[in-house]
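These notes concern the structure reproduced below.
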Amino acid sequence: MSLSVKDLSFTYHAGTPLARRALDSVSFEMNSGQWMAVVGPTGSGKSTLAQHLNALILPQEGKVTVDGMTVTHRSPDLREVRRRVGLVFQYPEQQLFAENVYDEVAFAPRNWGVDEGRLEVLVARSLAQVGLETSLSSRSPFSLSGGQKRRVALASVLAAEPEYLVLDEPTAGLDGGGVRDLLSLIAELVRGGMGVLQITHDLELALSRCDAILVLDHGRVLGMGSPQDLVDPLCRAVLPGLIIPPVLDFSRRLRERGLAVPLTMDAEELGRRLEKGGRY
Amino acid sequence: MTLGQYIPVDSLVHRLDPRCKILGTVALMGALFVGDGAGAMGAWGGLFFLLASASKIPVSMALRGVRPVVILIAFTAVINLFFSSGEPLWSWGILRVSREGMVAAFTMSFRLFFLVLFAGFLTLTTSPMELADGLERLLSILKPIGFPAHEMAMMMTIALRFIPTLLDETDRILKAQLARGADLDRGGIGRRIKAFVPVLVPLFILVFQRAEDLATAMEARCYRGGDGRTRMHPLRWTLRDSGALVGLCLVTVFVCVLDARWPLLR
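Spelled out as structure tokens, the structure:
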């Protein structure tokens, strides 16, 4: 069970003066139970890639395959691809529309033809997953706080029981507690076998929590691998918009000066190693 | 959709003063009501290709701007074709087709087509800021009689500026719902309209939010209307603008005179 992208290229407004190459021969594969981060500066093609995975944008060149189903214009499996790959947009709370939270969360499973009896179970479970009380079901989603709206939007995607989850900058605009809760939820989903692809600017999050990282810049893959493989090249690459975690940057600079310290984001670990005598 | 969209390329038409382009568009639109025979329509078509080439705007892109009004054009043609007075060539119930009706259907639909096409050229080659500056300067001659030139220009700029933004927002909402399995392009017309209601609700909310944000942002930057306002890029009318405007006017007058003298289809 995997989601694979092969030589994917995409140009917005192709054949017009506004033509802009968003993706250029992007290839990677993500398996079930894997947590992958896609990092890159603004305009590097991350969101375009995310929309290809959910078949909202169809490939102009290259191939996107979800559990063996190829996404093309003529594919009869487009709806099934959209069911299997749940996509949470950036600022998803801006796309809420239903009269109440229940209808909002039930929107996707209803579209997939789930019967009303099972629907109630799915809605209750999805709300619980994102840490919302079922008592909110009858409230208008527009009357909720920003954080609650975000959770409702996430629950509305989880209710469709996707096999893969694509999150477009899910932590943007959340406070510290909100980020922690969201990351715990993602970790739990990944443990349950879901493949999660998370688009983020947060290098610290990508390096500390994810199994694999895909680095995009100007629509091209700059690097792909485990956090251990990428930590050093990422620190050296100057990618505008990506902030190297300060402790990691500090440890890298110490190493460059000959100190025997590990490349780490953990300030305490770095302190301990320095106490033990990082030497020139 | 290209209506209200600006294509920033370096071309002769783009470099013209916005006032020249506005006056030229008005002249062309006026001429469309005078020269409306088949020969004139052919000439307007030729002028369209000439303008497309001079402005480096692809013909397909300019034509795309007419797409939203295709139904209106077709409706105009049908109404004129079947309900115009004149000697009937064919009739069925209340429907009558006359020679006059056929001519009216032809002229009215082509007139509407070129009106939208030429108006689209103005926004494709003039940025909203330039357009507002140009309009304000042109309308300022009415200021002595209390005409709110600056306010009118600002309202028009905002309206034009927000057409592509609203289209983008609609696209985003549509995608968010398609991603959750919404079926927006299947079924009968009734089902499709019903499916679009959930798209309109967040769109209206976003529109009001954006309007409020914009008003707040303008107030925060001490916006107080046009009095005493200076410009970063003051408009400058050059010989090139005079030449372009006079040239265009001569062409339109020439076409109208020819059309009046030797009408091809009337």
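Protein sequences, first through last, are from chains X and L.
By our numbering, the letter at position 246 of the first sequence is numbered 246, and the numbering carries on one by one without gaps.
In our numbering, each number is its position in the second sequence, counted from 1, plus 1000.
Note that beta-carbon positions come from the ideal geometry of N, C-alpha and C, so glycine has one too.
The model shown is predicted, which means the values in this text are computed figures rather than measured ones.
Backbone CA spacing between residue i and residue j [nearest angstrom]
i	j	result
residue 78 of chain X	residue 1253 of chain L	56 angstroms
residue 1189 of chain L	residue 110 of chain X	21 angstroms
residue 1123 of chain L	residue 174 of chain X	39 angstroms
residue 1024 of chain L	residue 1076 of chain L	26 angstroms
residue 231 of chain X	residue 1234 of chain L	51 angstroms
residue 139 of chain X	residue 1175 of chain L	25 angstroms
residue 1247 of chain L	residue 1240 of chain L	10 angstroms
residue 267 of chain X	residue 206 of chain X	17 angstroms
residue 274 of chain X	residue 260 of chain X	8 angstroms
residue 179 of chain X	residue 1073 of chain L	53 angstroms
residue 1045 of chain L	residue 1022 of chain L	19 angstroms
residue 251 of chain X	residue 89 of chain X	35 angstroms
residue 43 of chain X	residue 1007 of chain L	20 angstroms
residue 1082 of chain L	residue 1108 of chain L	13 angstroms
residue 1033 of chain L	residue 1048 of chain L	16 angstroms
residue 1010 of chain L	residue 1110 of chain L	30 angstroms
residue 188 of chain X	residue 237 of chain X	32 angstroms
residue 1067 of chain L	residue 1164 of chain L	15 angstroms
residue 146 of chain X	residue 1017 of chain L	46 angstroms
residue 220 of chain X	residue 1057 of chain L	29 angstroms
residue 16 of chain X	residue 37 of chain X	33 angstroms
residue 118 of chain X	residue 51 of chain X	29 angstroms
residue 1078 of chain L	residue 1094 of chain L	13 angstroms
residue 1143 of chain L	residue 23 of chain X	52 angstroms
residue 1028 of chain L	residue 1050 of chain L	14 angstroms
8 angstroms Cβ cutoff met for residue i and residue j
i	j	result
residue 34 of chain X	residue 212 of chain X	yes
residue 5 of chain X	residue 39 of chain X	no
residue 152 of chain X	residue 105 of chain X	yes
residue 166 of chain X	residue 141 of chain X	no
residue 1040 of chain L	residue 1255 of chain L	yes
residue 235 of chain X	residue 243 of chain X	no
residue 1133 of chain L	residue 1236 of chain L	no
residue 1203 of chain L	residue 1170 of chain L	yes
residue 1037 of chain L	residue 1263 of chain L	yes
residue 1207 of chain L	residue 1173 of chain L	no
residue 159 of chain X	residue 126 of chain X	yes
residue 28 of chain X	residue 239 of chain X	no
residue 1019 of chain L	residue 1161 of chain L	no
residue 183 of chain X	residue 209 of chain X	yes
residue 200 of chain X	residue 161 of chain X	no
residue 1121 of chain L	residue 1062 of chain L	yes
residue 1080 of chain L	residue 1119 of chain L	no
Neighbour flag for residue i against chain L, beta carbons, 8 angstroms
i	result
residue 160 of chain X	yes
residue 87 of chain X	yes
residue 156 of chain X	yes
residue 100 of chain X	no
residue 82 of chain X	yes
residue 107 of chain X	yes
residue 10 of chain X	no
residue 79 of chain X	yes
residue 288 of chain X	The structure shown does not extend to residue 288 of chain X, since chain X is modelled only from 1 to 280, so the question has no answer here.
residue 28 of chain X	no
residue 280 of chain X	Summary for residue 280 of chain X: the model assigns pLDDT 45, below 50, so the residue's position carries little reliability; its value from the coordinates is reported in the next sentence. With 8 angstroms as the cut-off, residue 280 of chain X does not count as an interface residue toward chain L.
heavy atom of the ligand SAM below 7 angstroms from residue i C-beta
i	result
residue 1126 of chain L	Looking for the ligand SAM in the displayed structure turns up nothing, as the structure carries no ligands at all.
Residue(s) in a DSSP beta bridge with residue i
i	result
residue 1088 of chain L	L:1098
residue 1197 of chain L	Residue 1197 of chain L pairs with nothing; no bridge assigned.
residue 12 of chain X	X:20
residue 26 of chain X	X:8
residue 2 of chain X	X:31
residue 86 of chain X	X:165
residue 1267 of chain L	The first residue shown for chain L is 1001 and the last is 1266, placing residue 1267 of chain L beyond what the model contains.
residue 139 of chain X	In DSSP, residue 139 of chain X forms no bridge with anything.
residue 221 of chain X	X:216
Interface flag, residue i vs chain X, CB-CB below 8 angstroms
i	result
residue 1052 of chain L	no
residue 1183 of chain L	yes
residue 1206 of chain L	yes
residue 1019 of chain L	no
residue 1071 of chain L	no
residue 1178 of chain L	yes
residue 1061 of chain L	yes
residue 1001 of chain L	Residue placement at residue 1001 of chain L is flagged as unreliable, the pLDDT there being 44, under the threshold of 50; the coordinate-derived value follows with that caveat. No, because no Cβ of chain X sits closer than 8 angstroms to the Cβ of residue 1001 of chain L.
residue 1234 of chain L	no
residue 1068 of chain L	no
residue 1144 of chain L	no
**Item:** 3-residue-minimum beta strand (DSSP E) runs that sit fully inside the region 31 to 78 of chain X, ordered along the chain
**Value:** 35 to 39, 61 to 66
**Prompt:** Which ranges would you report for the alpha helix (DSSP H) in the region 159 to 217 of chain X if only whole runs of at least 4 residues count?
**Reply:** 176 to 191, 203 to 209
**Request:** Entirely within the region 1111 to 1161 of chain L and at least 4 residues each: give me those alpha helix (DSSP H) ranges in chain order.
**Result:** 1128 to 1139
**Request:** Ignoring anything shorter than 4 residues or poking outside the region 1167 to 1253 of chain L, list the alpha helix (DSSP H) runs there in chain order.
**Result:** 1189 to 1220
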